[in-house]
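Numbering (UniProt numbering), first residue to last: 1 to 311. All C-beta atoms in this analysis are idealised placements derived from N, C-alpha and C, irrespective of residue type, glycine included.
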């Protein structure tokens with residue numbers, strides 16, 4: 001499907017709405033001023049001033065109102081992938097994307113999300129401002145997540161620290177833990193949308209494809225068909241960006257709950273402030289409480305013990 005986007009003034013937007021009044025749709029997307037459908041083209045005007053034209057006649061219809069915005073270079077070119085080469089048009093396909101949060105944080109659980117974004121939903125996600133969660137504040141993430149949860153099929157997996165620590169102490173690497181969670185989340189989402197099938201499945205890459213599948217060699221169900229891997233996956237397809245937002249949203253909520261249990265605000269990351277916070281936890285609640293709050297194999301554990309005076 002051909003897509004064209006133009007930028008217009010508020011007065012032109014109103015003129016367009018008036019012009020298409022006999023073709024207006026009853027359902028208007030979030031953030032839009034109007035939506036209309038004429039033969040060969042769908043038109044959606046947004047509060048930002050952008051107007052999206054979709055369909056065979058998109059370019060012709062858009063030219064009546066203004067010049068199309070220049071398309072940005074394909075972000076997929078700046079990403080690196082392993083396994084099958086990415087389809088050149090993957091950013092415009094209907095995709096299940098997955099991402100994880102919390103793997104580098106001493107406190108808090110690991111959260112993994114996969115979600116399905118249909119190609120017809122891409123303009124809406126762009127208009128909402130969906131992008132990599134690392135570039136958003138917690139309040140922005142919360143706002144976007146609440147919007148996404150209303151219409152995006154997804155699977156959220158939260159791995160509590162107690163279980164994470166048991167798996168890690170049994171000899172399982174963090175990479176394998178992530179692979180197991182991604183595979184399960186992807187399967188869950190695929191089941192939710194069945195019998196529909198995505199054009200592709202995109203994993204925000206944390207391991208080479210061969211390593212990823214080696215981690216899953218003993219699993220009964222392994223998602224392989226149409227699966228691609230890419231670093232900077234959120235810049236390749238908005239499904240991964242949406243997954244990162246939902247995963248971060250869940251992580252932040254879990255983190256806040258842990259802070260309430262601790263009795264003070266826990267810091268994120270794995271820096272010196274984290275060592276001090278963990279030492280305080282040890283002093284106030286004892287070593288036995290630590291596995292509930294932290295990933296024990298991090299070097300922060302020994303540092304916190306030294307600060308707390310525990311051998």
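Using a Cβ-Cβ cutoff of less than 6 Å, which residues in the same chain neighbour residue 199 once the five nearest sequence positions on both sides are dropped? Along the chain shown, read from residue 1 onward, the residue named residue 199 stands at position 199. Closer than 6 Å at the Cβ level, and outside the excluded window around residue 199, lie 93 and 94.
Got a sec? Which residues, its chain only, sit under 6 Å from residue 61 by beta carbon, not counting five neighbours each side? In the chain shown, counting from the first residue as 1, residue 61 sits at position 61. Excluding sequence neighbours, residue 61 sits near 41 and 53.
Is the beta carbon of residue 13 less than 7 Å from the beta carbon of residue 55? Counting from 1 along the chain shown, the entry for residue 13 is found at position 13. Counting from 1 along the chain shown, the entry for residue 55 is found at position 55. For residue 13 and residue 55, no; Cβs fall outside 7 Å.
Could you check the C-alpha separation between residue 311 and residue 271 for me, to the nearest Å? The residue you call residue 311 lines up with position 311 of the chain shown. The residue you call residue 271 lines up with position 271 of the chain shown. Going by the C-alpha atoms only, they are around 21 Å apart.
C-alpha distance - residue 231 paired with residue 205, whole-angstrom precision: Position 231 of the chain shown, counted from the start, is the residue given in the question as residue 231. Position 205 of the chain shown, counted from the start, is the residue given in the question as residue 205. Between residue 231 and residue 205, the alpha-carbon positions lie close to 5 Å from each other.
Between residue 179 and residue 216, is the Cβ-Cβ spacing less than 7 Å? Here residue 179 refers to the residue found at position 179 of the chain shown. Here residue 216 refers to the residue found at position 216 of the chain shown. Remark: C-beta atoms of residue 179 and residue 216 approach each other more closely than 7 Å.
Cutoff 6 Å; reference residue 97; Cβ partners in own chain excluding five residues on either side: Taking the first residue of the chain shown as 1, we reach residue 97 at position 97. 202, 237, 239, 240 and 243, listed in sequence order.
According to DSSP, is residue 149 part of a helix, a strand, or is it coil? Counting from one through the chain shown, the residue named residue 149 turns up at place 149. Coil.
Three or more C-beta pairs below 8 Å linking the stretch 160-177 and the stretch 135-150: no
Could you give the uninterrupted runs of the alpha helix (DSSP H) lying entirely in the stretch 149-179, keeping only those of 4 residues or more? 161-169
Under the three-state DSSP convention, the category residue 293 falls into: Against the chain shown, residue 293 aligns to sequence position 293. Looking at residue 293 - three-state DSSP - the assignment turns out to be helix.
Give the straight-line distance between the Cα atoms of residue 105 and residue 31, rounded to the nearest whole angstrom. The count along the chain shown starts at 1 and reaches residue 105 at position 105. The count along the chain shown starts at 1 and reaches residue 31 at position 31. So the alpha carbons of these two residues sit roughly 35 Å apart.
Residues in its own chain within less than 6 Å of residue 207 by CB, not counting five upstream and five downstream? Taking the chain shown and counting its residues from 1, the one referred to as residue 207 is at position 207. Contacts found: 175.
Start and end of the beta strand (DSSP E) containing residue 50? Taking the first residue of the chain shown as position 1, residue 50 is located at position 50. Residues 50-54.
Among residues of its own chain, excluding the 5 on either side of residue 118, which ones have a beta-carbon nearer than 6 Å to its beta-carbon? What you label residue 118 is simply residue 118 of the chain shown in a count that begins at 1. The residues are 94.
With DSSP as the reference, label residue 69 as helix, strand or coil. By 1-based counting over the chain shown, the position of residue 69 is 69. Residue state for residue 69 is assigned as coil, using DSSP reduced to three classes.
Helix, strand or coil at residue 196 according to DSSP, with G and I counted as helix: Position 196 of the chain shown, counted from the start, is the residue given in the question as residue 196. Three-state result, residue 196: coil.
Are the beta-carbon atoms of residue 189 and residue 133 separated by less than 7 Å? Start at 1 with the first residue of the chain shown, and residue 189 comes out as number 189. Start at 1 with the first residue of the chain shown, and residue 133 comes out as number 133. It is not a contact, given that the beta carbons lie outside the stated cut-off.
Spatial distance of residue 18 from residue 35 (CA atoms): The sequence position of residue 18 within the chain shown is 18, counting from 1. The sequence position of residue 35 within the chain shown is 35, counting from 1. In a straight line, the C-alpha of residue 18 is about 11 Å away from that of residue 35.
Of the residues 111, 4 and 222, which one's Cα is nearest the Cα of residue 65? Numbered from 1 along the chain shown, position 65 holds the residue referred to as residue 65. When only C-alpha atoms are compared, the closest one is 4.
Rounded to the nearest angstrom, what separates residue 228 and residue 287 at their Cα positions? For this step, residue 228 is matched to residue 228 along the chain shown. For this step, residue 287 is matched to residue 287 along the chain shown. Taking the straight line from one Cα to the other gives about 42 Å.
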